[in-house]
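Note that the sequence shown covers residues 342 to 472 in the numbering used here. Single-structure report; data block below.
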Amino acid sequence: MKKLVQLSYETALDLAEWLTGQCKGFSESFLQRYPNHSPSDATRLGQSCILKVIAHGFNGALRYRAGTETGFGAGSPELISQLGNKYDAYGCSQAINAVNHAQSRLKANVNPSLIFETLLLECIDYAATTR
342 MKKLVQLSYE TALDLAEWLT GQCKGFSESF LQRYPNHSPS DATRLGQSCI
392 LKVIAHGFNG ALRYRAGTET GFGAGSPELI SQLGNKYDAY GCSQAINAVN
442 HAQSRLKANV NPSLIFETLL LECIDYAATT R
């Protein structure tokens, strides 16, 4: 979440690269535990999980903006509130929609690096235009 709060045009491509690396690490760990799965399935599962975490963060930020969030589950209340302060409710909902679109792109076998880069750049635009 901290990297999403600090997201900017200067950090977006590095964060996309970092997320891609996290997917590879997830894939390797998953395959050690479940060796009957293919490497591509494990990688895609990691990519999907990271997208879900991003959506969860924006969902928490949306609830924070709406004043309905009383607990943040496993998320950090401070980081979720900072994300909520960076995006208004419309920006949060647009970011969630962008994550859903990224999930669709992932299922369509689009290059994962481009998926993450596009998603993060879209999120920056939602913050800048909704302030």
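Idealized CB from N, CA, C, for every residue including glycine.
- Give a yes or no on contact between the segment 350 to 367 and the segment 452 to 469, applying the rule of three or more CB pairs nearer than 8 angstroms. When C-beta atoms of the segment 350 to 367 are compared with those of the segment 452 to 469, three or more pairs fall below 8 angstroms, so the two segments count as touching.
Taking its Cβ as the centre, do 16 or more other Cβ atoms sit within 10 Å of arginine 374, making it buried, or is it exposed?
In the sequence shown, counting from the first residue as 1, residue 374 sits at position 33. In this structure arginine 374 is exposed. Its beta-carbon is surrounded by fewer than 16 other beta-carbon atoms within 10 angstroms.
Asparagine 377 in three-state terms, based on DSSP: Taking the first residue of the sequence shown as position 1, residue 377 is located at position 36. If DSSP states are grouped into helix, strand and coil, asparagine 377 belongs with coil.
> Can you give the Cα-Cα distance for glycine 432 and asparagine 377, rounded to whole angstroms?
Replying inline: In the sequence shown, the residue the question calls residue 432 occupies position 91. In the sequence shown, the residue the question calls residue 377 occupies position 36. Their backbone Cα atoms lie some 41 angstroms apart in a straight line.
TODO: Alpha carbon to alpha carbon, how far is asparagine 438 from serine 381? Give it in angstroms, no decimals.
DONE: For the purposes of this step, residue 381 is taken as residue 40 along the sequence shown, with counting starting at 1. For the purposes of this step, residue 438 is taken as residue 97 along the sequence shown, with counting starting at 1. Using only the alpha carbons, I get a separation of about 25 angstroms.
Exercise. For the candidate residues Ala402, Lys365 and Asn400, whose alpha-carbon lies nearest to that of arginine 385?
Worked result: In the sequence shown, counting from the first residue as 1, residue 385 sits at position 44. Closest option to arginine 385, Cα to Cα, is Lys365.
Q) Curious, which full-length alpha helix (DSSP H) runs of at least 4 residues does the segment 368 to 448 contain? A) Unbroken alpha helix (DSSP H) stretches of 4 residues or longer found wholly inside the segment 368 to 448: 380 to 407, 418 to 427 and 430 to 448, given in chain order.
Q. On the three-state DSSP scale, how would you describe tyrosine 467?
A. Looking up residue 467 in the sequence shown gives position 126. Residue state, collapsed to three classes: helix.
Do glutamine 284 and isoleucine 456 have their C-beta atoms within less than 9 angstroms of each other?
-> One cannot answer for residue 284 here, as it falls past the ends of the chain, which runs 342 to 472.
Practice prompt. Determine the DSSP secondary structure at leucine 348, reduced to helix, strand or coil.
Written response: For the purposes of this step, residue 348 is identified with residue 7 of the sequence shown, where counting begins at 1. In this structure, leucine 348 counts as coil in the three-state DSSP scheme.
Query raised in the report: Taking just the CA atoms, how far does isoleucine 391 sit from phenylalanine 399?
Result: Residue numbering aside, residue 399 sits at position 58 when the sequence shown is read from its first letter. Residue numbering aside, residue 391 sits at position 50 when the sequence shown is read from its first letter. Rounded to the nearest whole angstrom, the C-alpha separation of phenylalanine 399 and isoleucine 391 is 13 angstroms.
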